[in-house]
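Numbering (full-length UniProt numbering), first residue to last: 1 to 965.
Written out as structure tokens, the structure is:
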């Protein structure tokens, strides 16, 4: 059985669940390992147990005394903040007990009864809300949340990988690691959608194990916001709906339709019952403090008319009737009925107001970046702007804010929506796709969260008071009536100009588009535009050839040592269950999304004098709803076309050569994720819908109404060629494997890269397809789909309103070349890699890479506030209030080995490309080396007292680039 700490006390020992009295008495006789819920007064509990201990010295039952003292031992450690309640500690407690005395069985019984009552009663939390905040056990809470979607990362406890490079035999966990980094980043809550399509038929295993994920969050001492939906959008295939739902008789999605409501209620009840069965709602002592029903329905509900409003009200009532004991929310639903809380989604939500004065101001999706599409440039959002949005929200009365995403992860398999959503769902999130913290975004937001938490006593005790400090500047003060608590936020919302303002008799400089946070209404502990956090630069290190190790030795990784086998996917119809019908059929209604692929096949007989011929040539026109189309004439590729994220429609015109007699026309239509957003998105089709026409100088032949034969999926899919454990005679092992030809399966063996750095495959050299590692799909790859040549910026100005196309990079380059392979997919020794290549490529060109931190950098000026950790409380700072540059190696066991660059004065540039300015201290390098080399972390005061003054009267900065090893 798993025990979970209450999320309000994040670093205390786990506590045991309440148990029947007989069980507890029995447990007392076999030295139980018990701790007490930290929410109760440890002093009261200690007094209680010492009282009984005092009256029990003469008992002959040493075993019971051991049990009691073990319990006492754990409580003492808990009260001291020690959560290392280990079996070894238990043994020590038992030994101590045996030497001290014994406990009367009669006196133990009331102890057990009271402990049982205390533990049972304490586990449940009462979660409500008022006009200011979510209220937990009568206390308003200022909460910071982040989205992590359980199926987009892996839960696994995996032994990986042997060999050089470190990390031999180390066990790696993705879910617990991501959750811990979230906690370290200052999060209180993890938010996740529930993905209907992956759970039915009933499946909660592996990456789908929602219960395990929620328990992992609880184990870290964090809360959960469970967004059941069950429509989730999320750039997920079909918005998270299972495609079979489309085929329920009489169904209409997301409206007042009995068939849909019955299925939606059935699944929602299944999720709630599963959570209740595992005791995971806060009302049961679990971590789930909020649930969401529906999702952004208010954005599109007008398209459904009165029936949409009736459905929305029904959904709200249905959710409340499930009696979870925690509040429900509806995002982007301005008319959400009481008691549901309507919440905001967007890049900024400071101007949002809930629809009732009794509801708190909550932000369920603060978009930390944006999603990537195949054929699109890579979006990113500057840390300064994201921090500005967060601070503005709490300044303007918000008390719950969630990053969408905090870790985006990977769209494994065929889970992407869109269409054309890329396999990477990195989202420029604070924790990147590979599970590494993205600096400075993660660190700067962590500092913002610390500053907000310093203000929490004022935020929960007082109402906001707003005042103008001048054009585009604003002060917000939270002050109690007795003036004992005060916090303030000073904002400059001007997108261009820095401002100097007067507040409470003091002068403050506010950079453009920034918020300063003053937990005591006097001292600035953080400004959102001034980043104290370090920057890290990461690189993907190719393992395809010999590489130099840190000790100058050469490593030649064992990759693809066995060579490549191949299997040819036949063109056209090869299955016995193919279907022939007159006319062209829409793809999703035909395949039910069982595969990306649908073959359309027909044939014509050519005599040579047809009006659509020009000699042996004709022009073929094929119109398709998308998403990708290939045309084969007599088994040979004659043309191909693709849609895009903005329009999936295809109109392919290509010259074709026909031969006398029978000619076979095969069209391979391919989906790249099903639509996931918009009114009636579930009815958006795909595939060849016509017309299909041959035309020449004297006439045309319309093939749209002729007989077509349909084959769902590929022969290789039916043969499970992607599963290396299933032997197939299709595979050919030959040194001369075919390359740059369409419709080829490839297979090889490889040795996993040593160490524990995140692994990716670089698919440069391939066209488009899907890849499997040890039978698990790592997703669709498409390195030949390039971003537009224009629209990117060399440097994105964080000032001014952000939008999804404001900050783009990698124009003219492949949208995605690197594809994440979770370490949990790998095994020691030999691994299998299988590819299905649709367009044509050369598998010998692909390479394995590992993600490594190349440099850590920081840039701090004399005008920056002190490091946030120097603030002990809202009223008191430590003895070093000045700005300081802080560096920390990203991995355990590393030390700063080299200072690559240091400059104090007016330096310029970015991490990896710094330059000295006209003004530069000659002492900078030596001072930083002395402070940092050989240390796991270091802090260097940014002051002329430390470096000398190379140019008086000028604001100076310190920049440092360092390496860790």
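Heads up, the beta-carbon is just placed ideally off N, CA and C, and yes, glycines get one too.
Within the DSSP bridge table, the entry for residue 711 names 599 as partners. By the Cβ rule, the segment 345-352 counts as touching the segment 391-407, because three or more pairs are nearer than 8 Å. Scanning 188, 953, 523 and 897 for the CA closest to the CA of residue 930 turns up 897. In this model, residue 832 and residue 564 are separated by some 11 Å (Cα to Cα). Under DSSP, residue 344 shares a beta bridge with 363. In the same chain as residue 311, and ignoring 5 residues on each side of it, the C-beta atoms closer than 6 Å to its own belong to 255 and 256, in chain order. Residue 919 has its alpha-carbon roughly 23 Å from the corresponding atom of residue 932. Selection 450, 598, 639 and 743 evaluated against residue 836 yields 743 as nearest (Cα-Cα).
Here the alpha carbon of residue 141 sits roughly 44 Å from the alpha carbon of residue 900. Note on residue 636: under 16 other CB atoms within 10 angstroms of its CB, so exposed under the neighbour-count rule. Within the model, the alpha-carbon separation for residue 415 versus residue 757 is close to 25 Å. For the pair residue 126 and residue 214, the Cα-to-Cα distance works out to about 19 Å. Between the beta-carbon of residue 677 and that of residue 239 there is about 7 Å, and that keeps the pair under the 8 Å contact cut.
Here the segment 183-193 makes no contact with the segment 837-857; the two share fewer than three CB pairs at distances below 8 Å. Taking the CA atoms as reference points, residue 439 sits about 11 Å from residue 446. Nearest C-alpha to residue 397 among 407, 364, 409 and 477: 477.
About 6 Å separates the CB atoms of residue 849 and residue 541; that is less than 8 Å, so the two are in contact. Per DSSP, the continuous beta strand (DSSP E) segment holding residue 745 begins and ends at 744-751. The DSSP assignment places 499-503, 506-510, 514-518 and 535-542 as complete runs of the beta strand (DSSP E) inside the segment 487-551, in order along the chain (cut-off: 3 residues).
Going by beta carbons, residue 600 and residue 688 fall inside the 7 Å limit. Taking 8 Å as the upper bound for CB-CB distance, residue 495 and residue 514 are not in contact here, some 11 Å apart. Distance from the CA atom of residue 532 to the CA atom of residue 484, rounded to whole angstroms, is 30 Å. Annotation: the continuous beta strand (DSSP E) that includes residue 328 extends over 328-331. With fewer than 16 other beta carbons inside 10 angstroms of its own, residue 662 counts as exposed. Between residue 143 and residue 400, the C-beta spacing is below 7 Å. Comparing alpha carbon positions, the residue from 282, 262, 345 and 228 closest to residue 292 is 228. Bridge partners of residue 901 according to DSSP: 961.
Residue 728 and residue 752 have their alpha carbons spaced roughly 24 Å apart. By the neighbour-count definition (other C-beta atoms within 10 Å, threshold 16), residue 242 is a buried residue.
For residue 814, the secondary structure class from DSSP, reduced to helix, strand or coil, is strand.
In this structure, the alpha-carbon of residue 630 lies about 15 Å from that of residue 711. The shortest CA-to-CA distance from residue 155 to any of 211, 847, 334 and 891 is the one to 211.
Residue 633 is bridged by DSSP to 636 and 665. Distance from the CA of residue 509 to the CA of residue 500, rounded to the nearest whole angstrom, comes to 4 Å. Boundaries of the alpha helix (DSSP H) harbouring residue 448: 441-461, taken from the DSSP string. Between residue 622 and residue 692 the beta-carbon gap is near 5 Å, inside 8 Å, which marks them as a contact.
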